[in-house]
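In our numbering, the protein residues as written are 3 to 536.
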């Protein structure tokens with residue numbers, strides 16, 4: 003039996019030698035597609051070739067990450083050439099945790115028409131620094147997480163199938179190209195050791211460059227490479243707050259899309275490294291990219307593809323707005339996330355994400371999305387105001403007041419921020435300051451209504467404040483403010499608004515042991531103040 007590995011790699015100089023040597027203990031040959039590495043990945047592979055290791059190099063010049071297409075093309079060539087029984091898809095952070103006889107016996111047992119499926123075993127960053135001089139990550143990364151997503155399989159293909167079948171993105175399934183029929187799989191009796199998070203510098207490089215390559219794809223599927231967006235946002239938030247990055251929860255929840263923090267908390271940490279291979283040592287110098295080199299390359303590429311990415315991002319943003327207007331928060335969130343991924347400088351895409359996340363009850367990610375918007379557009383009034391609303395919902399009243407103050411600083415003539423400030427100051431028991439903020443909101447609303455001192459807008463402001471006070475249980479203050487709302491309605495009054503204000507005023511009066519008067523048709527037609535019975 004002749005089994006070959008097939009991998010698409012980019013900028014993997016820190017692991018590529020150890021990865022090749024370890025997997026060639028099991029495989030007969032490695033075919034490596036180099037996706038335009040800027041570090042010395044290709045040089046190290048060439049040195050391994052010169053040493054006599056069975057490695058073949060293939061180029062892939064496109065900047066976009068078309069992994070499925072690249073794997074299909076090279077896999078089909080191998081199948082057509084003959085002499086290969088099975089093709090094992092690999093990434094540069096994956097090691098075959100079996101022996102050559104173990105692999106052969108497992109593949110020989112496959113029923114006709116089936117492919118073999120390897121389950122991930124995702125290893126975690128070491129709690130301790132590796133021993134001095136130890137470069138083999140697999141020797142000191144011996145902890146792994148207890149759970150893996152069932153769909154996260156890597157599918158080994160019988161070579162003959164690759165003539166008319168191909169892998170989906172990520173190599174998690176094999177399907178017939180003519181009708182997309184999936185090939186049935188049998189789970190193999192060994193794990194594929196997975197080392198996606200080894201150190202912070204490695205992960206930052208991976209996230210930045212992987213996200214950019216995925217954005218450049220012309221046939222990208224929505225939510226594809228979502229984890230790059232999530233991790234990129236995490237790094238930006240931590241950097242903005244000058245906070246350290248904890249790699250362990252990232253590794254525990256790696257590849258999970260929803261409720262990331264909950265997944266990390268639920269995982270158990272198990273112990274047990276892959277089989278050691280004393281002969282696997284690093285002989286050649288690895289020169290991974292520095293972050294300065296990564297940032298420079300990204301800046302050049304961003305400039306080169308700016309128009310294309312902006313066009314894609316705006317299209318997704320418009321689709322998100324349509325979904326938002328229809329009330330489909332989930333669809334809107336997906337589209338806003340795509341827009342933010344494709345055009346990261348589009349602040350309104352991050353604001354849209356934040357609003358959707360708030361409506362879906364995902365408050366912590368919503369706060370991160372507001373922060374992303376404000377990093378790009380620090381004078382966005384709506385983002386400050388709505389992030390203040392979110393903080394108040396979360397019980398973080400001081401942070402809410404700070405956000406409202408920022409909104410006032412941005413646009414002091416907008417009554418909404420003063421009204422919100424009045425509410426949160428009342429909750430903080432700063433009642434004199436709350437009264438001042440409310441008076442300012444009323445003055446601005448009156449000026450906006452035309453300076454007459456009456457009208458729907460001042461009444462609406464007073465009504466909302468009265469409702470806030472009712473929620474807080476300050477019934478006496480609520481009576482005063484709701485009475486002001488009645489006065490502000492003036493002539494002619496909106497019937498529905500008048501009825502709503504009166505209903506809330508009656509409730510406040512009843513709470514303090516009084517009885518509200520009833521609204522009659524004469525009262526409504528004459529726009530008179532409604533009488534209250536004592």
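Built from N, CA and C at the ideal position, the CB exists for glycine as well.
This one's a predicted model, so the numbers in the text were calculated from it and none came from an experiment.
- Note on residue 293: under 16 other CB atoms within 10 angstroms of its CB, so exposed under the neighbour-count rule.
- Under the three-state reduction of DSSP output, residue 355 falls in the helix class.
- Between residue 412 and residue 381, the C-beta gap is smaller than 8 Å, which places the two residues in contact.
- Here residue 165 is not near residue 70, since their CB atoms are 8 Å or more apart.
- In this structure residue 480 does not touch residue 492 by the C-beta definition: roughly 21 Å separates them, more than the 8 Å allowed.
- The closest CA to that of residue 509, considering only 176, 237, 475, 434, is found on 475.
- Just so you know, the alpha carbons of residue 390 and residue 512 end up roughly 32 Å apart.
- For residue 350, the closest alpha carbon among the candidates 36, 186, 335 is that of 335.
- Taking 8 Å as the cut-off, the beta carbon of residue 240 is found closer than this to the beta carbon of residue 247.
- A distance below 8 Å between beta-carbons, with the five flanking residues on each side excluded, links residue 143 to the following residues of its chain, in chain order: 125, 126, 127, 128, 197, 200, 275.
- Between the beta-carbon of residue 92 and that of residue 9 there is about 4 Å, and that keeps the pair under the 8 Å contact cut.
- Burial is judged here by how many other beta carbons sit within 10 angstroms of a residue's own beta carbon; residue 302 has fewer than 16 and is exposed.
- The residues 353, 372, 375, 376, in chain order, have a CB closer than 6 Å to that of residue 385 in the same chain once the five nearest residues on each side in sequence are set aside.
- Looking at the DSSP output, residue 156 bridges to 120.
- By the criterion of at least three beta-carbon pairs nearer than 8 Å, the region 116-125 is not in contact with the region 277-297.
- In summary, residue 43 is buried, with 16 or more beta-carbon neighbours lying within 10 Å of its beta-carbon over all protein chains present.
- One thing to note: residue 68 has its Cβ no nearer than 8 Å to the Cβ of residue 33.
- By the C-beta density criterion, residue 153 is exposed, having fewer than 16 other C-beta atoms within 10 angstroms.
- The C-alpha of residue 383 is placed about 23 Å away from the C-alpha of residue 465.
- Runs of the beta strand (DSSP E) lying entirely within the region 48-106, each at least 3 residues long, are 57-61, 88-92, 96-98 in chain order.
- Counting C-beta pairs closer than 8 Å gives fewer than three between the region 184-198 and the region 266-273, which falls short of the contact rule.
- Counting along the chain, residue 404 sits inside no beta strand (DSSP E); it lies in the alpha helix (DSSP H) bounded by residues 399-412.
- Judged by their CB atoms, residue 205 and residue 249 are nearer to each other than the 8 Å cut-off.
- By the C-beta density criterion, residue 357 is buried, having at least 16 other C-beta atoms within 10 angstroms.
- If you draw a straight line from the Cα of residue 173 to the Cα of residue 167, it is about 12 Å long.
- When DSSP reads this structure, residue 417 sits in no beta bridge, so it has no partner.
- In this structure residue 425 touches residue 470 by the C-beta definition: roughly 5 Å separates them, less than 8 Å.
- Contact between residue 108 and residue 4 is absent: CB atoms are separated by about 15 Å, not below the 8 Å threshold.
- Short of 7 Å from the beta carbon of residue 100, and not among the five residues preceding or following it, lie these beta carbons of its own chain, in chain order: 28, 192.
- Annotated as proximal: residue 311 and residue 344, with beta-carbon spacing under 8 Å.
- For residue 139, the enclosing alpha helix (DSSP H) covers residues 139-142.
- Between residue 428 and residue 443, the gap from beta carbon to beta carbon reaches 8 Å or more.
- Out of 472, 393, 316, the CA that lies nearest to the CA of residue 364 is found in 393.
- Between residue 445 and residue 423, the C-beta gap is not smaller than 8 Å, which leaves the two residues out of contact.
- In this structure residue 313 is exposed. Its beta-carbon is surrounded by fewer than 16 other beta-carbon atoms within 10 angstroms.
- One alpha carbon belongs to residue 489, the other to residue 327, and they sit about 35 Å apart.
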